[in-house]
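Trainee: Here you go, one structure.
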Amino acid sequence: MRYERLFSPVSFGGRSAVNRFAAQAMEGNDGEAGGAVSERGRERYRALARGGWGVVVVEAISVVHSPLARKFGLVMAPENLESFKRLVGDFKEIFPEGLLLFQLTHSGRNSGSFSRRTCLYPGDAPPGSHLLDTSEVEAIGEAFIRAARLAQEAGADGIDFKMCHGYLGAEMLRPANLRDDKWGGSFENRTRFIREIAGEIISGRRSRDFIVGSRVSLFEGVRGGCGTAGPDELIEDLGEMDRVILLLRETGMDYINVSAGIPALTPEITRPTKPSVRFYLHHFRYAARVKELAPELTVIGSAYSVLAGEAAAYAEENIARGYVDCAGFGRQSFADPLYPAKLLSGEKVDYCIACSGCSRLMAAQLNDGCIVYNPYYREVNKNFAKNSARDSAGDSRGGGA
Ligand SMILES: Cc1cc2nc3c(=O)[nH]c(=O)nc-3n(C[C@H](O)[C@H](O)[C@H](O)COP(=O)(O)O)c2cc1C
Ligand code: SF4
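Quick note: our numbering has the sequence shown finishing at residue 410, numbered continuously throughout.
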């Protein structure tokens, strides 16, 4: 059988994934007002269920109504619970053995300009960002705990505690977080959120079967960011992130989803494109390092999409060598949600061409998806391009009130 290892099961905390294909969290920016899951959102997850992905991580879901990164982002709140139950119900009806994990987040300084942005430390936070005080950070921690309870009520198989891509969880970890209260400064303070908040989610879960893991940017590529040795350092030094991984393990996490970069600042690190294709090698290295450090945890690797038709062979090799347990596909899951099923049946796959079209729509706060293969998003993109051309023609005439 082709890709025998990719199609083999793997343990996931108290559960097991039927194969090693992980559909990464991908925001579609298509929630309803207030952050409930829309019919378009449900259809995206039904398509992934039909694709037979062993693990599907539902896109970033905010634990608070404000601030948000996306105008139509999802929010885990009691009034939205029924919509999340429907999402889970739809998915499980099609693919009951697939694991469905909810990614929980607070957007922090990555929030959109339409939102009331917050920051944990001033540094290079967007102008006007509100500096969170000690009790406000505590309240955010409680919101994570509440959201994890709601995720269990909704029927999710687990949660992904988001500590990557520059959102609040990552901002907290950075050496540049020099807050002088219990949430900043020393390594102990910068990791308190993991010990106390993730720790409480893990100890309070209803059953050992409820999976808890975390997505981490091992190296962010900014001064004082995760994966550097100090607040003024720029070059990669993974020593401290090794300690973070070991702490996540001690806290009782079931898996680590290894990523890198901050899409808003260092996008080519998070999602390599053709000119930066070789960055996938760094992602392979980061995942292998985590697997070596914490072999008992399930490790998901990132950034396979840019490898297109070769991705499955690379994933197979990485699994065989023990470098990773699951291969995570972000853009490929947008380009062809049926990818695993098609590899199995030998049907022609629509491969992501890493054109960044979906990312541009997301940055423009529009419904986002694959503009190459999906007619709806092709149309959204056409209108976006038309409007942008009109706006820039207006600009060149010196227009604009
Ligand atoms: C449109 C878009 C939305 C994304 N949304 C999320 C998200 O909600 N949570 C997350 O952790 N990463 C998100 N990412 C990052 C992807 O999960 C993934 O890490 C990245 O695209 C690199 O993997 P790939 O090369 O397989 O696409 C998003 C990426 C894109 C392009
Ligand atoms: S729009 Fe481009 S980058 Fe995004 S999924 Fe489609 S082919 Fe890939």
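Ideal Cβ positions, reconstructed from N, Cα and C, are used throughout, including at glycine.
As the structure is a computational prediction, the values presented were derived from the model and not from experiment.
By the DSSP assignment, the alpha helix (DSSP H) with D99 in it spans what residues?
Mentor: Position 90 of the sequence shown, counted from the start, is the residue given in the question as residue 99. Unbroken alpha helix (DSSP H) run through D99: 90–103.
Trainee: Counting C-beta neighbours from all protein chains within 10 Å, is the total for Y348 16 or more, i.e. buried, or is it exposed?
Mentor: Along the sequence shown, read from residue 1 onward, the residue named residue 348 stands at position 339. Flag for Y348 reads buried.
Trainee: Tell me whether R163 sits in a helix, a strand or coil according to DSSP, three-state version.
Mentor: Taking the sequence shown and counting its residues from 1, the one referred to as residue 163 is at position 154. The residue asked about is misnamed: residue 163 is Ala in this sequence, not Arg. A163 falls in the helix class under three-state DSSP.
Trainee: Going straight from the alpha carbon of P384 to that of A344, what length do you get?
Mentor: For the purposes of this step, residue 384 is identified with residue 375 of the sequence shown, where counting begins at 1. For the purposes of this step, residue 344 is identified with residue 335 of the sequence shown, where counting begins at 1. Looking at the two C-alpha atoms, the distance is approximately 11 Å.
Trainee: From T282 to A160, what does the alpha carbon distance come to, in whole angstroms?
Mentor: One-based indexing of the sequence shown puts residue 282 at position 273. One-based indexing of the sequence shown puts residue 160 at position 151. Near 33 Å, if we compare the C-alpha coordinates of A160 and T282.
Trainee: Specify the secondary structure class of H74 as computed by DSSP and reduced to three states.
Mentor: Along the sequence shown, one-based indexing puts residue 74 at 65. H74 falls in the coil class under three-state DSSP.
Trainee: Please return the same chain residues whose Cβ sits closer than 7 Å to the Cβ of M172, not counting the five positions on each side in sequence.
Mentor: As a first step, residue 172 is located in the sequence shown; it is residue number 163 there, counting from the start. G178, A179, L182, S223, R224, V225.
Trainee: Find the nearest neighbour of I278 within the set E305, E245, I309, judged by alpha-carbon distance.
Mentor: Your numbering for residue 278 matches position 269 in the sequence shown. Ranking the options by Cα distance to I278, first place goes to E245.
Trainee: DSSP on G230, reduced to helix/strand/coil?
Mentor: Counting from 1 along the sequence shown, the entry for residue 230 is found at position 221. Three-state DSSP puts G230 in coil, outside helix and strand.
Trainee: Mind checking which residues open and close the beta strand (DSSP E) that includes A336?
Mentor: For the purposes of this step, residue 336 is taken as the residue at position 327 of the sequence shown. 335–338 is the extent of the beta strand (DSSP E) around A336.
Trainee: Taking 6 Å as the cut-off, is the C-beta of F343 nearer than that to any heavy atom in ligand 2?
Mentor: Looking up residue 343 in the sequence shown gives position 334. True, at least one ligand heavy atom lies under 6 Å from that Cβ.
Trainee: What residue range is occupied by the uninterrupted beta strand (DSSP E) comprising R183?
Mentor: Here residue 183 refers to the residue found at position 174 when the sequence shown is read from its first residue. Neither: R183 is in no beta strand (DSSP E) and is coded neither H nor E.
Trainee: Return yes when at least one heavy atom of ligand 2 lies under 6 Å from the C-beta of R158, else no.
Mentor: Here residue 158 is taken as the residue at index 149 of the sequence shown, counted from 1. R158 Cβ: outside cutoff for every heavy atom of ligand 2.
Trainee: Whole angstroms are fine: how far does the CA of T260 sit from the CA of G208?
Mentor: As a first step, residue 208 is located in the sequence shown; it is residue number 199 there, counting from the start. As a first step, residue 260 is located in the sequence shown; it is residue number 251 there, counting from the start. In a straight line, the C-alpha of G208 is about 6 Å away from that of T260.
Trainee: Count the other C-beta atoms from every protein chain shown that fall within 10 angstroms of the C-beta of D263, then say buried if there are 16 or more, exposed otherwise.
Mentor: Translated into the one-based positions of the sequence shown, residue 263 becomes position 254. Buried, by the Cβ-count rule.
Trainee: With a cut-off of 8 Å on the beta carbons, I'd call V168 and F111 a contact; round off their distance for me.
Mentor: Locating residue 168 in the sequence shown gives position 159, counting from the first residue. Locating residue 111 in the sequence shown gives position 102, counting from the first residue. Position check: residue 168 holds Ile in this sequence, whereas Val was assumed. Sure, about 5 Å apart at Cβ, within 8 Å.
Trainee: What residue from G318, E229, G234 has the CA that sits closest to H292's CA?
Mentor: Stepping through the sequence shown from its first residue, residue 292 is reached at position 283. Of the listed residues, the one whose Cα sits closest to H292 is E229.
Trainee: For G175 versus N119, is the C-beta distance shorter than 7 Å?
Mentor: If you number the sequence shown from 1, residue 175 lands on position 166. If you number the sequence shown from 1, residue 119 lands on position 110. Cβ distance < 7 Å, so G175 and N119 count as in contact.
Trainee: So if DSSP puts D169 in a beta bridge, which residue, or which two residues, is it bridged to?
Mentor: To locate residue 169, count along the sequence shown from 1; it is residue 160. Beta-bridge pairing links D169 to Q112, G222.
Trainee: Helix, strand or coil, according to DSSP, for A312 in the structure here?
Mentor: Taking the first residue of the sequence shown as position 1, residue 312 is located at position 303. Coil, per DSSP.
Trainee: Give me the Cα-Cα distance between T307 and G164, rounded to the nearest whole angstrom.
Mentor: Sequence index remark: in the sequence shown, residue 307 carries index 298 (1-based). Sequence index remark: in the sequence shown, residue 164 carries index 155 (1-based). The straight-line gap from Cα to Cα measures roughly 21 Å.
Trainee: Per DSSP, which residues does V19 bridge with? Please list them.
Mentor: Counting from 1 along the sequence shown, the entry for residue 19 is found at position 10. Its beta-bridge partners are A26.
Trainee: Looking only at its chain, what residues have a beta carbon closer than 7 Å to the beta carbon of G3, apart from the 5 residues adjacent to it on each side?
Mentor: Because the chain is modelled from 10 through 410, residue 3 falls outside the range shown and cannot be assessed.
Trainee: Unbroken beta strand (DSSP E) runs of length 3 or more, entirely within the region 238–290: which are they?
Mentor: As far as the region 238–290 is concerned, its whole beta strand (DSSP E) runs of at least 3 residues are 264–268.
Trainee: DSSP on V67, reduced to helix/strand/coil?
Mentor: Numbered from 1 along the sequence shown, position 58 holds the residue referred to as residue 67. Looking at V67 - three-state DSSP - the assignment turns out to be strand.
Trainee: Does the beta-carbon distance from S47 to S124 come in below 7 Å?
Mentor: Counted from its first residue, the sequence shown places residue 47 at position 38. Counted from its first residue, the sequence shown places residue 124 at position 115. The answer is no: Cβ separation not under 7 Å.
Trainee: Do G43 and R53 count as a contact pair if the criterion is CB distance below 7 Å?
Mentor: Counting from one through the sequence shown, the residue named residue 53 turns up at place 44. Counting from one through the sequence shown, the residue named residue 43 turns up at place 34. For R53 and G43, no; Cβs fall outside 7 Å.
Trainee: Less than 7 Å between the C-beta atoms of G337 and M35, yes or no?
Mentor: Taking the sequence shown and counting its residues from 1, the one referred to as residue 337 is at position 328. Taking the sequence shown and counting its residues from 1, the one referred to as residue 35 is at position 26. Taking 7 Å as the Cβ cut-off, G337 and M35 do not qualify as a contacting pair.
Trainee: Between Y414 and G318, is the Cβ-Cβ spacing less than 7 Å?
Mentor: Absent from the model: residue 414. The displayed extent of the chain is 10 to 410, so no value can be given.
Trainee: Apart from the five residues on each side of it in sequence, which residues of its chain come closer than 7 Å, Cβ to Cβ, to I254?
Mentor: Numbered from 1 along the sequence shown, position 245 holds the residue referred to as residue 254. If we look at I254 and ignore the five residues flanking it on each side, its Cβ neighbours are I265, V299, L302, A303.
Trainee: Here's a check: name, in chain order, each residue in its chain whose Cβ is nearer than 7 Å to the Cβ of A321, leaving out the five neighbours to either side.
Mentor: Position 312 of the sequence shown, counting from 1, holds the residue named residue 321. The answer, listed in chain order, is Y12, L15, L352.
Trainee: Among G248, N198, A269, which residue has its Cα nearest to the Cα of V231?
Mentor: Along the sequence shown, read from residue 1 onward, the residue named residue 231 stands at position 222. The shortest C-alpha separation from V231 is found at A269.
Trainee: What's the C-alpha gap between G61 and A350?
Mentor: Counted from its first residue, the sequence shown places residue 61 at position 52. Counted from its first residue, the sequence shown places residue 350 at position 341. Looking at the two C-alpha atoms, the distance is approximately 6 Å.
Trainee: Express the C-alpha separation of D189 and V19 in angstroms, rounding to a whole number.
Mentor: For the purposes of this step, residue 19 is taken as residue 10 along the sequence shown, with counting starting at 1. For the purposes of this step, residue 189 is taken as residue 180 along the sequence shown, with counting starting at 1. Cα-Cα distance, rounded: 43 Å.
Trainee: May I have the straight-line CA-CA distance separating P50 from V67, to the nearest angstrom?
Mentor: Reading the sequence shown from its first residue, position 41 is the one you call residue 50. Reading the sequence shown from its first residue, position 58 is the one you call residue 67. Per the sequence shown, residue 50 should be read as Gly rather than Pro. Computed Cα separation, rounded: 10 Å.
Trainee: Quick check: does the Cβ of I362 come within less than 6 Å of any heavy atom belonging to ligand 2?
Mentor: Taking the sequence shown and counting its residues from 1, the one referred to as residue 362 is at position 353. Checking the Cβ of I362 against ligand 2 gives yes.
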